[in-house]
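Residue numbers (our numbering), protein chains in the order written: chain B, 28 to 285; chain S, 52 to 360; chain Z, 14 to 326.
Structure first, commentary second.
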Amino acid sequence: MSSRIGYIAFNTFREAVRDRVLYNLIAFALLLSATALLVGQVSIDIERLVVVNLGLTAVSLFGVLIAIFIGIGLVSKEIDKRTLYTVLSRPVRRWEFVVGKFFGLTGTLVVNTFFMAVGVFVALLSVAHRFEKMDVPVLAAVYFIVLQFFVVCALALLFSSFSTPLMAAVFTFALFVIGNLSQDLRGFAKTVPGVSGWLANAIAYLVPDFSALNVIGQAAHGDPIPGRLILFNTVYALLYSAVAISGAVLIFQRRNLK
Amino acid sequence: MTATRRVNLVAGTALLLSMAGAVFTLRAIDTARLAPGVQGALYIRSTTVLRRLSLGYTGLLADIYWTRAVQYFGTQHHVGSSDYRLLAPLLEVTTELDPRLLPAYQFGANFLGPRPPDGAGSPGAAVALMKYGIEHNPDQWRLYYNLGFLYYTELKDYAKAADAFAQGAKLPVTNKLLEVLAARMAQHAGEFDTARMLWFTTYQSNQDPLIRQNATEHLVALQVDEDVTRLEKTVEKYRQQTGHLPTSMGDLGRVGLIHGVPTDPKGNPYRLLPDGRIEVQDAKSIPFITKGLPIITKASDEAARPSSD
Amino acid sequence: MSAIEIIDLEKSYLVGFWRKRPKLALRPLRLTIEEGEVFGFLGPNGAGKTTTLKLLMGLVFPTGGTARILGMDMDDPRVKSQIGFLPEQPYFYDHLSARELLNYYGQLSGMPARSRSARVEEMLKRVGLSDAAGVELRKFSKGMLQRVGLAQAVLHDPKLVFLDEPMSGLDPMGRREVRDLIQQLRSEGKTVFFSTHILSDAEALCDRVGVIQNGELRGVGAVAELTSQSQGKIEIIFHAQKVPAGLTALGAEARVSGDMVNAVLPDAQQDAALDLLRREHIRLISLAPVRRSLEEYYLQKLQPAENRKGAVV
């Protein structure tokens, strides 16, 4: 059982790596990091600030785009184009397929993020000429971005399990945007009275909180990220991913493939 | 079928448990979080930059900043903090993005002025905010009211307060009370009734639960102040009548100066001290009172708090 | 033990804007396929052939009935390790090579690593793709994809093979190869269930056939039996420039092409016809009974339904 998941994950990784979309996006992200260097020249003191902010934001945004395109491309398309027929005619359980895809996707993104983060650190080094203690939070920020990707991949899979490739991409991206504003949403929901307030609160808590996983601002200023926050966010990201994947499994179990 | 059912069961359970866990963890994150989103928010202080970044959705951005301002205040207030330094900038950014967002002005009028921990302690910023609001919304009587209110409660400048009320009273759509308030500023500024009228107007003209609660607390405090003043005058009257101080509330009742046992709005009876002063039983539970406080803190309190005389 | 036992398997969809109207893609189907036989599932497009296959593969869930495959319940995951499937117009992972794909599928089928790569090479050779084994699948032609599809269907040496329109998109050479493959599978004792609308293939390969139309099974029969039925006629082919006079009198329908004549007459007249030809010194090329063709059986099974078409939901 577990070996099949591993095979599926590896195959997903292989497909992703050979897909040219990936290279374009990575190139773009690296380009942006380089641009950050130029922009930083404008004002002497905020060089470092701009490099970290712009660089990490690029890693985050492009990573999300990659997650969506590759995720949707690999899963929705697979279902759409009947590649899945021959896979499922083998002793592969449907849930193994979903889980395997998830690990393959996240594995791809971890590798991507690694390369893009290296780019950011290189840019940082060329600006500051050495690594300082205040650079450690940047690592934490990168880790948080990876956690974000886990959630995005899980969501991409969830939506792929029941809608067309285009709709799945749209839903995932929409949820990413909303998720970044979720803290404001929760504050807002608290002010709504009555039954609709209850509903608003429920929705506000169910939306994935991406802003919690965004500590780019702090990392830019070199503020240390407390260990508790790292722990809680790790747990949150994993739990939320589990929610989305469980949902994907449940839906996919009963789906009639056209 | 059992294999499928097993998978469904596991996945379903996993989904529910994870969801519960996620919500739970999120709440934990909220409390452990660093200054909720505000740091990042105010990193971009320039409104012009913000405007450009918002790609025209300034209204939405204003709403977001507004929600953040309320949250910020609420969080600080909840933990009993005295540091509200970000409230003024937050409200300023909000109103610069959307000058017609009235609730922001209302909030600023009520919570920028008072000293911490009841407010940000920046009456100057509050007045400036109201003036900015009036500039962009010259037909809103509430803003003139707020301005007059601020001059009255925080700055004790009754002339300017009267001015603001009068201007507001002249608007085509206004509250009748403004005219009355303008008139009262001249001679009856220090009276309980005037203050009560003000706080009552504030309560009536606002929907925000925080503002209303604040107004209610002030009205209760006014009642206590008034009660204590009245009772102390009664004690003095007794002393004049009998030549000595009453030993208990019952003494006052026996000579017909009071009826029954006088209680504060919380239901606790007022205490008569041997030296003739009246004391509130549980002063800490009633905010904003300036009279009837226990003597230990009374001296320092009188120095710190502006009295509503 | 039968290879496949289909018991009242049924599939209906809800169609229409509000998804309220039921449409029966497959009426309750009862069919048994024996081990070791080659069974052809015949029918026009949209008859329900692919639906049946998808139901058996677990790609689509039945709205009624069930099936047993190799003695196990159709939902039993153990079934999958003993069966192979070639879908219609297969599509595979764009960026893998044929070799990588087969290896991956071998992994999924639980083939042990050591024997796997050898078997993959063997399969590639068998379907004639050894040269193109390292090329990315997105560059493959339709025929090549079909061959990869066949390879992956029999890669793990399954007892039962399902093929959906295996000849589609192939040139005559390709079709010949597929035919050979199916016959080879048969000789290995495997069971083959394939759907097609090309009758000549079915006639050549199948032990039994079933005819399906509009989701309903119209008839099942052994090919040998169906085509052995004599029509009561014989066909004589002989050398001549024109039809001999006496032959028409015997009730023959004849056709001349070049220097050959093709005549069909009642078999009671066989001896009389032969005498006539001998007398005229006409050279005989062949004499054979006219058999009923599978095509006729097929059309016969379909025909009544044409009239009932309007009544079908």
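We put the CB at the ideal spot given by N, CA and C, even for glycine.
Please read all numbers here as calculations on a predicted model, not as lab measurements.
**OP:** Could you pull out every residue in the same chain whose Cβ sits closer than 8 Å to the Cβ of residue 278/Z, ignoring the five residues on either side in sequence?
**Re:** Once the five neighbours on either side are set aside, the close Cβ partners of residue 278/Z are 246, 247, 249, 260, 263, 264, 265, 266, 286.
**OP:** Starting from residue 335/Z, follow the beta strand (DSSP E) in both directions and report where the run begins and ends.
**Re:** Residue 335/Z is absent from the structure shown; chain Z starts at 14 and stops at 326.
Subject >> Coil, strand or helix - residue 322/S by DSSP >> reply: The answer is strand: DSSP assigns residue 322/S an E or B state.
Subject >> Residue nearest to residue 20/B in terms of C-alpha spacing, selected from 267/B, 89/B, 280/B >> reply: Lying outside 28 to 285, the shown extent of chain B, residue 20/B is not represented and no answer is given.
**OP:** Check the Cβ of residue 170/B against every Cβ in chain S and list those closer than 7 Å, keeping chain order.
**Re:** Chain S residues near residue 170/B: none, gap ~15 Å exceeds 7 Å.
Original post:
Can you pull the DSSP bridge partners for residue 80/Z?
Top reply: Residue 80/Z pairs with 19/Z.
Subject >> Beta carbon of residue 98/Z nearer than 8 Å to that of residue 225/Z >> reply: One thing to note: residue 98/Z has its Cβ no nearer than 8 Å to the Cβ of residue 225/Z.
Original post:
Can you name the start and end residues of the beta strand (DSSP E) that residue 226/Z belongs to?
Top reply: Its beta strand (DSSP E) spans residues 221–226.
**OP:** Assuming residue 110/Z and residue 148/Z form a contact by the criterion Cβ under 8 Å, report the distance between their Cβ atoms to the nearest whole angstrom.
**Re:** Rounded to whole angstroms, the Cβ separation of residue 110/Z and residue 148/Z is 6 Å, and the two are in contact under 8 Å.
**OP:** Give the secondary structure of residue 167/B by DSSP, where H, G and I count as helix, E and B as strand, and everything else as coil.
**Re:** In this structure, residue 167/B counts as helix in the three-state DSSP scheme.
Subject >> chain B within 8 Å of residue 153/S, Cβ atoms only >> reply: Chain B has no Cβ within less than 8 Å of the Cβ of residue 153/S.
**OP:** List the residues that DSSP assigns as beta-bridge partners of residue 234/Z.
**Re:** Looking at the DSSP assignment, residue 234/Z forms a beta bridge with 222/Z.
**OP:** Report yes if the C-beta distance between residue 245/B and residue 192/B is below 8 Å; otherwise report no.
**Re:** Here residue 245/B is not near residue 192/B, since their CB atoms are 8 Å or more apart.
**OP:** Tell me, please, whether the CB atom of residue 136/B is closer than 8 Å to any CB atom in chain Z?
**Re:** Closer than 8 Å to the CB of residue 136/B there is not a single CB belonging to chain Z.
Original post:
By how many angstroms is the C-alpha of residue 69/Z removed from the C-alpha of residue 237/Z?
Top reply: If you take the alpha carbons of residue 237/Z and residue 69/Z, they lie about 27 Å apart.
Subject >> chain Z residues whose Cβ lies nearer than 9 Å to that of residue 132/B >> reply: Chain Z residues near residue 132/B: none, gap ~15 Å exceeds 9 Å.
Original post:
Any C-beta of chain B sitting closer than 8 Å to the C-beta of residue 141/S?
Top reply: No, because no Cβ of chain B sits closer than 8 Å to the Cβ of residue 141/S.
Original post:
For residue 240/B, which residues from the same chain have a beta carbon less than 7 Å from its beta carbon, with the 5 sequence-adjacent residues on both sides left out?
Top reply: Non-local beta-carbon contacts of residue 240/B in its own chain, meaning distances under 7 Å to residues more than five positions away in sequence, involve 171, 174, 175, 260, 264 in chain order.
**OP:** Flag this pair as yes or no: are the beta carbons of residue 66/S and residue 270/B separated by less than 8 Å?
**Re:** Yes, Cβ-Cβ distance for residue 66/S and residue 270/B is below 8 Å.
Subject >> Short-range partners of chain B found in the stretch 63–74 of chain S, where Cβ spacing is below 8 Å >> reply: Identification of residues in the stretch 63–74 of chain S having a C-beta nearer than 8 Å to some C-beta of chain B yields 63, 65, 66, 69, 70, 72, 73, 74, given in sequence order.
Original post:
Would you say residue 119/S reaches chain B, if we count a Cβ-Cβ gap shorter than 8 Å as a contact?
Top reply: Closer than 8 Å to some Cβ of chain B, the Cβ of residue 119/S qualifies, so yes.
**OP:** Label residue 225/B either buried or exposed according to how many other C-beta atoms from any shown protein chain fall within 10 Å of its C-beta, with 16 as the threshold for buried.
**Re:** Counting the other CB atoms within 10 Å of its CB gives residue 225/B a total below 16, which places it among the exposed residues.
Original post:
Among the residues of its own chain, which have a CB less than 6 Å from the CB of residue 276/B, if the five just before and after it don't count?
Top reply: Cβ neighbours of residue 276/B beyond the five flanking positions: 122, 125.
**OP:** Verify the CB distance criterion: does residue 94/Z have a CB-CB separation below 8 Å to chain B?
**Re:** Residue contact check for residue 94/Z against chain B: a CB pair falls below 8 Å.
Original post:
Pick from 310/Z, 233/Z, 200/Z: whose alpha carbon is nearest that of residue 213/Z?
Top reply: Closest in alpha carbon position to residue 213/Z, among 310/Z, 233/Z, 200/Z, is 310/Z.
Original post:
Do we get a CB-CB distance below 8 Å when we pair residue 208/B with the residues of chain S?
Top reply: At a cut-off of 8 Å between beta-carbon atoms, residue 208/B makes contact with chain S.
Subject >> Close-in-space but distant-in-sequence residues of the same chain around residue 190/B (CB under 8 Å, 5 per side omitted) >> reply: For residue 190/B, where only same-chain residues beyond five positions count, the Cβ hits under 8 Å are 103, 198.
Original post:
Near residue 97/B, which residues of its chain fall below 6 Å by C-beta distance, leaving aside the five closest residues on each side in sequence?
Top reply: Apart from sequence neighbours up to five positions away, the residues of its chain that approach residue 97/B with a beta-carbon distance below 6 Å are 43, ordered along the chain.
Original post:
With distances taken from CA atoms, which of 207/Z, 218/Z, 187/Z, 18/Z is nearest residue 200/Z?
Top reply: Comparing Cα-Cα distances from residue 200/Z to each of 207/Z, 218/Z, 187/Z, 18/Z, the minimum goes to 218/Z.
Subject >> Coil, strand or helix - residue 106/B by DSSP >> reply: Note: residue 106/B maps to helix in three-state DSSP.
**OP:** For the alpha helix (DSSP H) containing residue 273/Z, list its first residue and its last residue.
**Re:** Note, residue 273/Z: premise wrong, no alpha helix (DSSP H); beta strand (DSSP E) at 273–279.
Original post:
Which residue's Cα is closest to the Cα of residue 238/S: 124/S, 122/S, 277/S, 209/S?
Top reply: Of 124/S, 122/S, 277/S, 209/S, the residue nearest in Cα terms is 209/S.
Subject >> Cβ neighbours of residue 156/Z in the same chain (closer than 8 Å, five flanking residues each side left out) >> reply: 182, 183, 184, 187, listed in sequence order.
**OP:** Return no unless some Cβ of chain Z is closer than 8 Å to the Cβ of residue 283/B.
**Re:** Any Cβ of chain Z closer than 8 Å to the Cβ of residue 283/B would place that residue at the interface, and such an atom is present.
Original post:
The beta strand (DSSP E) with residue 301/S in it runs from where to where?
Top reply: Residue 301/S -> not in any beta strand (DSSP E); alpha helix (DSSP H) instead, spanning 300–305.
Subject >> Where residue 114/B meets chain Z, residues with beta-carbon distance less than 8 Å >> reply: Here the neighbours are 118, 121.
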